[in-house]
Structure formats: structure tokens, C-alpha cells
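Trainee: Residue numbers (our numbering), protein chains in the order written: chain E, 40 to 405; chain H, 40 to 405. Ideal placement from N, C-alpha and C gives every residue a C-beta, glycine not left out.
There are 2 protein chains.
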Amino acid sequence: MDRILVTYRVRADAASIAARAQAIAVEQSVEMPVAAIEDRFVLDRIVGRVEDIADMGEGCFDVRIALAVSTTGNEPGQMMNMLFGNASILDGVELRDATFPASMAQGFGGPHLGIAGLRAMAGAEGRALTCSALKPQGLPPEGLAQVAGALARGRIDVIKDDHGLADQAYSPFARRVEACARAIRDGAAASGARTRYAPSVTGNLDAMRRQIRCAVDNGVDMVLIAPMIVGLPAFHTVVREFPALGFMAHPAMAGAARIAPSLLIGKLFRMLGADATVFPNHGGRFGYSPETCRALADAARGPDHGLRSCVPVPAGGMTPERVPEMLTFYGADVMLLVGGALLSARERLAQETARFTASVAEHAHG
Amino acid sequence: MDRILVTYRVRADAASIAARAQAIAVEQSVEMPVAAIEDRFVLDRIVGRVEDIADMGEGCFDVRIALAVSTTGNEPGQMMNMLFGNASILDGVELRDATFPASMAQGFGGPHLGIAGLRAMAGAEGRALTCSALKPQGLPPEGLAQVAGALARGRIDVIKDDHGLADQAYSPFARRVEACARAIRDGAAASGARTRYAPSVTGNLDAMRRQIRCAVDNGVDMVLIAPMIVGLPAFHTVVREFPALGFMAHPAMAGAARIAPSLLIGKLFRMLGADATVFPNHGGRFGYSPETCRALADAARGPDHGLRSCVPVPAGGMTPERVPEMLTFYGADVMLLVGGALLSARERLAQETARFTASVAEHAHG
Numbered sequence: 040m041d042r043i044l045v046t047y048r049v050r051a052d053a054a055s056i057a058a059r060a061q062a063i064a065v066e067q068s069v070e071m072p073v074a075a076i077e078d079r080f081v082l083d084r085i086v087g088r089v090e091d092i093a094d095m096g097e098g099c100f101d102v103r104i105a106l107a108v109s110t111t112g113n114e115p116g117q118m119m120n121m122l123f124g125n126a127s128i129l130d131g132v133e134l135r136d137a138t139f140p141a142s143m144a145q146g147f148g149g150p151h152l153g154i155a156g157l158r159a160m161a162g163a164e165g166r167a168l169t170c171s172a173l174k175p176q177g178l179p180p181e182g183l184a185q186v187a188g189a190l191a192r193g194r195i196d197v198i199k200d201d202h203g204l205a206d207q208a209y210s211p212f213a214r215r216v217e218a219c220a221r222a223i224r225d226g227a228a229a230s231g232a233r234t235r236y237a238p239s240v241t242g243n244l245d246a247m248r249r250q251i252r253c254a255v256d257n258g259v260d261m262v263l264i265a266p267m268i269v270g271l272p273a274f275h276t277v278v279r280e281f282p283a284l285g286f287m288a289h290p291a292m293a294g295a296a297r298i299a300p301s302l303l304i305g306k307l308f309r310m311l312g313a314d315a316t317v318f319p320n321h322g323g324r325f326g327y328s329p330e331t332c333r334a335l336a337d338a339a340r341g342p343d344h345g346l347r348s349c350v351p352v353p354a355g356g357m358t359p360e361r362v363p364e365m366l367t368f369y370g371a372d373v374m375l376l377v378g379g380a381l382l383s384a385r386e387r388l389a390q391e392t393a394r395f396t397a398s399v400a401e402h403a404h405g
Numbered sequence: 040m041d042r043i044l045v046t047y048r049v050r051a052d053a054a055s056i057a058a059r060a061q062a063i064a065v066e067q068s069v070e071m072p073v074a075a076i077e078d079r080f081v082l083d084r085i086v087g088r089v090e091d092i093a094d095m096g097e098g099c100f101d102v103r104i105a106l107a108v109s110t111t112g113n114e115p116g117q118m119m120n121m122l123f124g125n126a127s128i129l130d131g132v133e134l135r136d137a138t139f140p141a142s143m144a145q146g147f148g149g150p151h152l153g154i155a156g157l158r159a160m161a162g163a164e165g166r167a168l169t170c171s172a173l174k175p176q177g178l179p180p181e182g183l184a185q186v187a188g189a190l191a192r193g194r195i196d197v198i199k200d201d202h203g204l205a206d207q208a209y210s211p212f213a214r215r216v217e218a219c220a221r222a223i224r225d226g227a228a229a230s231g232a233r234t235r236y237a238p239s240v241t242g243n244l245d246a247m248r249r250q251i252r253c254a255v256d257n258g259v260d261m262v263l264i265a266p267m268i269v270g271l272p273a274f275h276t277v278v279r280e281f282p283a284l285g286f287m288a289h290p291a292m293a294g295a296a297r298i299a300p301s302l303l304i305g306k307l308f309r310m311l312g313a314d315a316t317v318f319p320n321h322g323g324r325f326g327y328s329p330e331t332c333r334a335l336a337d338a339a340r341g342p343d344h345g346l347r348s349c350v351p352v353p354a355g356g357m358t359p360e361r362v363p364e365m366l367t368f369y370g371a372d373v374m375l376l377v378g379g380a381l382l383s384a385r386e387r388l389a390q391e392t393a394r395f396t397a398s399v400a401e402h403a404h405g
């Protein structure tokens with residue numbers, strides 16, 4: 040198959056939907072009057088084709104359009120450009136879903152490690168993974184390292200930088216990573232757990248490569264990246280260049296609100312190589328519904344052309360008290376991220392963290 | 040001033056808006072319970088501050104929050120992360136505007152050429168600039184070169200690649216740019232105009248640098264880039280690395296619909312170095328209102344901490360017939376982009392283009 044099947048949800052009336060669907064098919068392919076095209080190859084193989092229009096009620100239609108794979112040039116940015124570049128500016132059009140041919144999904148490659156690889160790294164066989172976040176930004180490296188050490192003593196599987204930690208003057212990347220990696224190593228040695236550190240990697244591709252090499256030099260084997268902040272091309276490039284690392288995707292700037300979260304944060308981030316994908320769980324600070332979260336988790340870890348699975352990381356105001364409910368909702372193929380709620384324990388951080396990680400371990404064994 | 044003043048439009052009721060505003064200030068800075076923070080520097084200099092809440096009616100409030108410049112690390116991606124990273128996922132929150140301190144705007148640097156520089160390059164003193172687009176994608180380099188030659192013979196100032204042209208198998212970047220640059224040189228020599236070519240640059244930072252060097256080797260001095268496709272860090276990096284080139288920004292994927300177009304496509308693209316910014320004009324295929332277009336043009340070319348101005352490029356289904364109206368609306372500091380409407384002329388492409396460019400030139404002189 041040489042076409043991507045893309046579903047757009049379009050607000051329109053029944054009389055105009057056929058014309059609007061055709062207009063989107065043109066906008067997302069040749070972007071000019073089709074009548075002015077003479078070239079046979081362009082008409083047959085490049086112009087977008089409306090495959091289906093379904094009335095979803097309440098003035099909305101799901102329009103399925105087949106776009107030529109060849110227009111993407113097998114490049115992540117151009118793929119997004121073809122899926123939603125100009126249509127993102129059209130009134131009343133949302134990008135709902137996309138079905139890629141196997142060759143395209145396998146060409147981008149998906150996660151190198153996937154859920155199984157992350158579990159093996161953390162020694163978390165048979166249970167859900169746990170995660171917390173280094174905060175607040177503004178602390179010097181030593182302050183963050185102190186938090187990191189306590190979390191590690193509490194046997195957390197993954198300690199990620201807050202996504203706001205970048206390469207700021209008050210806590211430069213290299214000094215922060217050195218201090219936190221050491222504190223986590225020491226904490227893990229004390230607790231006997233295999234806590235991993237995922238520092239936040241930012242900047243342009245040159246800076247990202249430098250930061251990743253610096254992290255690796257400090258014994259780090261996971262990183263956190265916000266693909267919509269650094270750009271999809273940069274994200275995919277470092278995933279391919281560092282196949283031994285675990286990649287966590289952060290949803291910052293992914294709330295475009297006109298791309299379904301299951302597609303962008305679930306399916307696309309996975310296809311481009313995220314081993315873990317952070318998203319706002321229902322009932323927290325953000326407005327995702329349980330159905331949205333379920334669909335996102337399914338897209339991240341369900342079957343997808345043989346790609347490794349990506350572990351969903353529900354987050355955004357979660358508490359240790361929600362562990363049983365979340366494990367019932369997501370099952371064991373999940374990474375539970377509790378940040379601020381643990382940090383509020385202050386001097387009891389290591390103990391509260393240990394209570395959190397124990398409750399996850401016990402749930403799996405009970 | 041060490042703060043960015045950011046305006047969010049928030050849907051809320053009067054009873055809850057103060058708490059919501061405070062929650063956004065925390066979300067976009069330390070992202071954890073403030074009560075759990077002891078560090079004085081973080082509390083005083085990093086935590087976001089609610090400066091103002093204005094009732095805009097109809098259940099909406101404009102919330103002004105002061106964010107610390109230092110959290111951005113003077114890096115474009117991290118700046119966007121601080122402006123709207125997590126807030127982009129919050130329900131009912133739009134990013135409306137941001138006021139930067141002069142040091143920050145000047146640090147990013149803005150356009151190298153600006154309107155005056157582009158005018159000088161094209162020899163368009165005292166009048167509006169004209170532009171058309173190479174389409175459709177799917178044509179081989181020779182087919183696109185033929186279109187380019189006709190447009191150049193019609194005395195167009197700037198011929199940009201369609202933003203869908205990337206580095207596809209049927210028209211690889213290097214062969215396309217060589218063929219089109221030559222056709223445009225020949226066409227311009229015949230017409231006596233100083234037509235510039237702006238090829239579409241895509242991919243990761245390595246690929247973008249390769250493509251730009253290839254373009255320069257072919258005598259090209261402008262490029263087209265979609266900042267939200269390649270990522271803001273990559274866009275800003277090549278702007279700084281190639282100060283002699285003119286940079287046109289394309290709005291693909293910028294229709295997040297929760298960031299005001301005047302801020303993203305006008306102010307931010309300019310601050311990061313766009314000499315020209317393409318956007319959908321009112322009354323075309325897209326839904327921007329005249330007010331939105333006016334605000335975007337003002338942000339692109341109004342006074343802004345001494346940054347050079349960025350020329351607004353209204354587009355998206357424009358026709359030569361609209362030239363007088365558009366010039367009245369935007370004045371002479373504008374680049375008029377007519378694409379598909381000219382291409383529909385087929386074998387009369389050069390003549391119709393000449394009619395378009397003449398009407399722009401006459402308007403200015405009449």
C-alpha cells in the first residue's frame with residue numbers, strides 16, 4: 040500500500056461536506072486547483088483521495104483521506120506536514136487518526152527498547168514501573184541531587200527531570216546531570232534498587248547530541264525529550280543515533296487540541312521511537328477523559344506493525360493513593376509517575392517514595 | 040526586567056478564576072506545590088506571578104502572568120516550553136500574547152534582512168513585493184523548473200517552493216533546486232527583473248544545513264521553512280548560521296488553534312529571525328478574520344525592541360483580482376503571494392504573472 044489513511048473530523052453541514060472533504064484532500068497534497076494539473080503521475084499517485092465520509096452527528100463528519108506515502112519523503116517533519124500542515128489552520132478541522140502502511144511504520148522503526156527493555160533495565164519484571172520527577176526548576180544542581188538521592192533511596196524505577204529543566208544558568212545541564220546521576224547511583228546502591236535517571240534533553244540537534252553524550256558519560260541510559268518542543272525531526276534523529284538509550288516522550292506543546300492525543304502522543308511518538316510516553320491522566324490537573332487515556336494507552340502499547348510497545352506514563356497531579364485504581368485501569372504494562380505529591384513530603388521524601396514503590400510492587404504480587 | 044509578561048485567555052467562572060490563574064502560574068514555572076518549596080531564590084525569582092486578571096465577558100478571563108526569563112535558558116524551544124508547554128494541554132486555556140524584555144528579543148535577534156533587505160534583493164523599492172509558489176508536488180524537477188521559468192518571465196519578485204516540496208524521491212532537493220534556480224536565472228535575465236528563488240528546506244538540522252549549502256551553491260539567497268514542522272530550535276539555528284539569506288516562514292502546523300496567530304506567526308517567528316511570514320489571508324481558503332490578519336501584520340512589522348521588520352505575506356487562495364483591495368488593506372510593506380490562481384493559466388502562466396506583477400507595480404506608482 041502506498042497510501043496513508045488519514046481521518047479528519049470536520050464541522051460542516053451535509054450539503055457541503057463532500058466539497059470540504061475534497062478540498063482537504065487537495066490542501067494536504069497538491070495544494071492547487073486539480074483542473075490545472077496535466078501530469079498523469081501527479082493526478083494518479085499524488086493527489087489526495089477521499090475514501091469515506093461518515094456522519095458522526097451534531098454537525099460533524101469523519102472524513103477519511105488517502106495521502107501518498109511518497110509525499111512524506113520518509114521524514115518525520117514532512118510526514119506531519121502532509122498529515123496536518125495546512126489543515127491545522129483550517130477552521131473546524133481536527134486530525135483524528137492515521138493508519139500507516141507497515142513499511143512506513145517499520146521504516147521509522149518505533150522504540151528500540153519498548154516496555155520489555157525498560158523493565159529489564161529497571162529490574163521491574165512482572166509489575167508496573169514507577170517514576171518521579173526532579174523539581175522545582177530554579178534549584179542548583181546540588182539541591183536537585185538531594186531530591187534525586189531521596190527518591191532513589193525510596194526505590195523509584197525512573198527519576199526524570201522536570202520537563203522545565205533545560206540548560207539554564209542556575210543549573211547547567213552538565214553540572215546537573217553529573218550531580219544527580221551520582222546521587223541516584225549512591226541512593227540506588229543503598230536501596231538495592233536499579234533506579235534509572237532520565238535527564239531532560241533540549242535545544243537544537245547539536246545541543247541534544249552534546250547533552251546525550253554528556254549523560255552517557257555519566258552512566259545515564261535514559262533521557263526525557265518533548266518531541267513537539269525540539270521538533271519531530273530532531274527527536275527521531277537522536278532515537279536512531281542512540282539505540283541503547285531509553286527515550287521518554289513528554290507531551291509539552293502537544294496539546295494542540297486539534298490533534299487527537301491517542302494519535303500524536305500515543306501512535307506517532309511511538310512510531311518515531313519513544314519507549315515511554317508521558318500524558319495527563321484523567322482526574323488530575325488536566326482535562327483528558329478516561330476514554331482519551333484508554334485510547335492513548337492502546338495506541339502506545341497495542342499491536343502496530345510489529346513495533347515494540349511504548350509504555351504509557353499517566354501523570355499530571357497523581358498521588359500514591361491512586362496506585363490501586365490506576366493499576367486496575369491500566370494493568371501492569373504502565374509506568375506510574377508521581378511527582379509533586381511525593382515532593383510535598385519534604386524530609387520524609389525517601390520514606391513516602393518507598394511507600395509508593397512498595398504499593399506498586401505489592402499490587403503486582405497480590 | 041527579568042520577566043516575560045504572558046497573557047492567557049482562560050475559560051472559567053468568576054469564583055474560580057483566581058485559583059486557575061495561580062495554577063497556570065505554577066504549571067508554567069515550578070510545576071509542583073509551592074508550599075513544598077523552601078528555596079528563597081526559587082520562590083522569589085522562578086515561581087510564576089499572576090500580575091493581572093481581566094474579565095473579558097462570556098465566561099473568559101485574560102490572565103497576565105510574569106514568567107522568569109532565566110527559565111528559558113535563552114533557547115527557542117525552551118522559551119516555547121515555558122510559554123505554553125503544559126498549558127497547551129490544559130482545558131480552556133489559550134496563549135494570547137507575550138511581552139518580552141528588550142534583552143531577550145535582541146538576544147534572539149529577529150530578522151537579518153527584514154522588509155528593507157528583501158526589497159533591496161528584489162529591486163522592489165517603493166512598492167509591495169510579489170510572490171508565487173512552485174506546484175504541484177509530484178512533478179519532476181524539470182516540470183517544476185518549467186513553471187518557475189514562466190513565473191520569472193512574468194517578473195515575480197519571489198518564487199517559493201510549495202511547502203509540500205521536501206526531499207522526495209520524485210523530486211530530490213538537490214536536483215530540483217539546481218533545475219529551478221537555473222530556470223529562474225534564465226527567466227529573470229529575459230525579463231530584466233531580479234526574481235529570487237526560495238526553496239523549501241526540511242528535515243533535521245543536518246539535512247537543513249546540507250540543503251541550504253546546496254541552495255547557496257546554486258546562487259540562491261532565500262529559503263522557505265515551516266518553523267513548527269522543523270522545530271523552533273532548528274529554525275533559529277539556521278537563521279543565525281546563514282545571516283546573508285532571506286528566511287520566509289511558513290505557517291504549516293502553526294494552526295494549533297490555541298495560540299493567537301499574531302503571537303506565533305507574527306511576533307515569535309519574527310523574533311526568531313523570519314524576514315517574511317506567510318499566513319492565510321481573510322477571504323481565502325482559511326478562516327482568519329480581517330482583525331486577525333491585521334494583528335498578525337502589525338506584530339510582524341510594527342516596532343519591536345529595534346528588531347528589523349518582517350514582511351507579512353498574506354496567502355491561501357489569493358487572486359490577482361484582489362491586488363488593489365489587499366494593497367489598500369496592508370499598504371506597501373507587504374508581499375502578495377498568488378499561487379494556484381496563476382498556475383491555472385497554464386500555457387499563459389508568464390503573461391498572467393506579468394499582469395499580476397504589473398498591477399502591483401502600478402498601484403504603488405498610481
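Taking 9 Å as the threshold (beta carbon to beta carbon), is Ser-55 of chain H in contact with chain E?
Mentor: For the purposes of this step, residue 55 of chain H is taken as residue 16 along the second sequence, with counting starting at 1. False, the Cβ-Cβ gap to chain E never drops below 9 Å.
Trainee: Suppose only complete runs of 4+ residues qualify. What are the alpha helix (DSSP H) ranges in the stretch 292 to 351 of chain H, listed by chain order?
Mentor: Runs of the alpha helix (DSSP H) inside the stretch 292 to 351 of chain H: 329 to 340.
Trainee: Can you name the start and end residues of the beta strand (DSSP E) that Ala-107 of chain H belongs to?
Mentor: Within the second sequence, numbered from 1, the residue matching residue 107 of chain H stands at position 68. That run of the beta strand (DSSP E) goes 99 to 107.
Trainee: Since Glu-133 of chain E is in the beta strand (DSSP E), which residue starts that stretch and which ends it?
Mentor: Stepping through the first sequence from its first residue, residue 133 of chain E is reached at position 94. Looking at the DSSP string, the run of the beta strand (DSSP E) that includes Glu-133 of chain E is 132 to 138.
Trainee: For Ile-154 of chain E, which residues in chain H fall below 7 Å Cβ to Cβ?
Mentor: Counting from 1 along the first sequence, the entry for residue 154 of chain E is found at position 115. In chain order: nothing, as chain H lies at least about 23 Å away.
Trainee: Three-state secondary structure (DSSP) at His-116 of chain H?
Mentor: Here residue 116 of chain H corresponds to residue number 77 of the second sequence, with the count starting at 1. The question names His, yet the displayed sequence has Gly at residue 116 of chain H. Helix, per DSSP.
Trainee: Taking 9 Å as the threshold (C-beta atoms), are Val-45 of chain H and Leu-106 of chain H in contact?
Mentor: As a first step, residue 106 of chain H must be located in the second sequence, where it is residue number 67. As a first step, residue 45 of chain H must be located in the second sequence, where it is residue number 6. Yes.
Trainee: Tell me the residue span of the alpha helix (DSSP H) that contains Gly-230 of chain H.
Mentor: Here residue 230 of chain H refers to the residue found at position 191 of the second sequence. The displayed chain sequence assigns Ser, not Gly, to residue 230 of chain H. It spans 212 to 230 - the alpha helix (DSSP H) in which Ser-230 of chain H sits, taken as one unbroken run.
Trainee: Any Cβ of chain H within less than 9 Å of the Cβ of Arg-385 of chain E?
Mentor: For the purposes of this step, residue 385 of chain E is identified with residue 346 of the first sequence, where counting begins at 1. Closer than 9 Å to some Cβ of chain H, the Cβ of Arg-385 of chain E qualifies, so yes.
Trainee: Given a limit of 8 Å on CB to CB distance, which residues of the stretch 238 to 256 of chain H reach chain E?
Mentor: For the stretch 238 to 256 of chain H, which is checked against every Cβ of chain E, the residues closer than 8 Å are Thr-241, Gly-242, Asn-243, Leu-244, Asp-245, Ala-246.
Trainee: Which residue from H:Ser-127, H:Leu-129, H:Glu-90, H:Asp-52 puts its Cα closest to that of Glu-97 of chain H?
Mentor: Locating residue 97 of chain H in the second sequence gives position 58, where the first residue counts as 1. Closest by alpha carbon: H:Asp-52.
Trainee: Return the chain-ordered list of same chain residues with a C-beta closer than 7 Å to the C-beta of His-344 of chain H, the five sequence neighbours on each side being excluded.
Mentor: What you label residue 344 of chain H is simply residue 305 of the second sequence in a count that begins at 1. The answer, listed in chain order, is Ala-141, Ala-144, Gln-145.
Trainee: Apart from the five residues on each side of it in sequence, which residues of its chain come closer than 6 Å, Cβ to Cβ, to Ile-268 of chain H?
Mentor: Within the second sequence, numbered from 1, the residue matching residue 268 of chain H stands at position 229. Closer than 6 Å at Cβ, skipping near neighbours: Ala-291, Met-292.
Trainee: By DSSP, does Arg-166 of chain H sit in helix, in strand, or in coil?
Mentor: Mapped onto the second sequence, residue 166 of chain H falls at position 127. In this structure, Arg-166 of chain H counts as coil in the three-state DSSP scheme.
Trainee: Checking the sheet assignment: what are the DSSP bridge partners for Gly-285 of chain E?
Mentor: Taking the first sequence and counting its residues from 1, the one referred to as residue 285 of chain E is at position 246. Gly-285 of chain E is bridged to E:Met-261.
Trainee: Which residues mark the beginning and the end of the alpha helix (DSSP H) in which Glu-181 of chain E is found?
Mentor: On the first sequence, position 142 is the one that residue 181 of chain E refers to. Taken as a continuous stretch (DSSP letters only), the alpha helix (DSSP H) holding Glu-181 of chain E covers 180 to 192.
Trainee: Which bits of chain H does Arg-84 of chain E rub up against, with CB to CB less than 9 Å?
Mentor: Walking along the first sequence from the start, residue 84 of chain E turns up at place 45. Ordered by position in chain H, the residues that pass the 9 Å Cβ test against Arg-84 of chain E are Gly-177, Tyr-209.
Trainee: Taking C-beta to C-beta, are Arg-194 of chain H and Ala-232 of chain H nearer than 9 Å?
Mentor: Here residue 194 of chain H refers to the residue found at position 155 of the second sequence. Here residue 232 of chain H refers to the residue found at position 193 of the second sequence. A contact, by the Cβ cut-off of 9 Å.
Trainee: What span of residues does the beta strand (DSSP E) with Glu-70 of chain H cover, start to end?
Mentor: Locating residue 70 of chain H in the second sequence gives position 31, counting from the first residue. First-last for Glu-70 of chain H: undefined, no H or E at that position.
Trainee: Thinking C-alpha only, which one of E:His-275, E:Gly-258, E:Ala-229 is nearest Pro-238 of chain E?
Mentor: On the first sequence, position 199 is the one that residue 238 of chain E refers to. It is E:Gly-258 whose Cα lies nearest to the Cα of Pro-238 of chain E.
Trainee: When we look at the beta-carbon of Arg-79 of chain H and count the other beta-carbons within 10 Å, is it buried (16 or more) or exposed?
Mentor: What you label residue 79 of chain H is simply residue 40 of the second sequence in a count that begins at 1. Under this definition Arg-79 of chain H is an exposed residue.
Trainee: Name the residues in the stretch 99 to 116 of chain E whose C-beta lies less than 7 Å from a C-beta of chain H; which are they?
Mentor: The residues in question are Ser-109, Thr-110, Gly-112, Glu-114, Gly-116.
Trainee: Quick one: what does DSSP say Ile-195 of chain E is sitting in, helix, strand or coil?
Mentor: For the purposes of this step, residue 195 of chain E is identified with residue 156 of the first sequence, where counting begins at 1. Coil.
Trainee: Exposed or buried, what is Gly-312 of chain E when buried is set at 16 or more other beta-carbons lying within 10 Å of its beta-carbon?
Mentor: As a first step, residue 312 of chain E must be located in the first sequence, where it is residue number 273. Classification for Gly-312 of chain E: buried.
Trainee: Out of curiosity, what's the CA-to-CA distance linking Gln-61 of chain H and Ser-55 of chain H?
Mentor: One-based indexing of the second sequence puts residue 61 of chain H at position 22. One-based indexing of the second sequence puts residue 55 of chain H at position 16. In a straight line, the C-alpha of Gln-61 of chain H is about 10 Å away from that of Ser-55 of chain H.
Trainee: How about Leu-366 of chain E and Ala-167 of chain E: do their beta carbons lie closer than 9 Å?
Mentor: Mapped onto the first sequence, residue 366 of chain E falls at position 327. Mapped onto the first sequence, residue 167 of chain E falls at position 128. In contact: Leu-366 of chain E and Ala-167 of chain E (Cβ atoms closer than 9 Å).
Trainee: Along the chain, where does the alpha helix (DSSP H) containing Ala-7 of chain E start, and where does it finish?
Mentor: Outside the shown range of chain E, which is 40 to 405, sits residue 7 of chain E, and nothing can be said about it.
Trainee: Would Tyr-47 of chain E and Ala-126 of chain E qualify as a contact pair, given that the criterion is a beta-carbon distance under 9 Å?
Mentor: As a working mapping, residue 47 of chain E is identified with position 8 in the first sequence. As a working mapping, residue 126 of chain E is identified with position 87 in the first sequence. Yes.
Trainee: Do the stretch 382 to 394 of chain E and the stretch 182 to 194 of chain E meet, that is, are 3 or more Cβ pairs less than 8 Å apart?
Mentor: The answer is yes - the stretch 182 to 194 of chain E touches the stretch 382 to 394 of chain E, with three or more Cβ pairs under 8 Å.
Trainee: Please list, in chain order, the chain H residues whose beta carbon lies closer than 7 Å to that of Phe-123 of chain E.
Mentor: As a position in the first sequence, residue 123 of chain E is number 84, starting the count at 1. Correct list: Met-292.
Trainee: So, is Met-95 of chain E buried or exposed, given that buried needs 16 or more other C-beta atoms within 10 angstroms?
Mentor: Mapped onto the first sequence, residue 95 of chain E falls at position 56. Result: exposed.
Trainee: Residues of chain H with CB closer than 8 Å to the CB of Ala-296 of chain E, please, in chain order.
Mentor: Stepping through the first sequence from its first residue, residue 296 of chain E is reached at position 257. Those within 8 Å of Ala-296 of chain E in chain H are Ser-127, Ala-295, Ala-296, Arg-297.
Trainee: Should the stretch 266 to 286 of chain E be called in touch with the stretch 242 to 257 of chain H, which here means at least 3 C-beta pairs below 8 Å?
Mentor: Because the criterion of three Cβ pairs below 8 Å is met, the stretch 266 to 286 of chain E and the stretch 242 to 257 of chain H touch.
Trainee: Is it true that the CB of Gln-117 of chain E sits closer than 9 Å to the CB of Thr-331 of chain H?
Mentor: By one-based count along the second sequence, residue 331 of chain H stands at place 292. By one-based count along the first sequence, residue 117 of chain E stands at place 78. Cβ atoms of Thr-331 of chain H and Gln-117 of chain E: not closer than 9 Å.
Trainee: My output table needs one value for Val-45 of chain H: the three-state DSSP class, helix, strand or coil.
Mentor: Taking the second sequence and counting its residues from 1, the one referred to as residue 45 of chain H is at position 6. Three-state result, Val-45 of chain H: strand.
Trainee: Pull up the CB-CB distance for Pro-199 of chain H and Met-121 of chain H, whole angstroms please, since I reckon it's below 8 Å.
Mentor: By 1-based counting over the second sequence, the position of residue 199 of chain H is 160. By 1-based counting over the second sequence, the position of residue 121 of chain H is 82. Before going on, a small fix: residue 199 of chain H reads as Lys here, not Pro. The Cβ separation is near 32 Å, so there is no contact.
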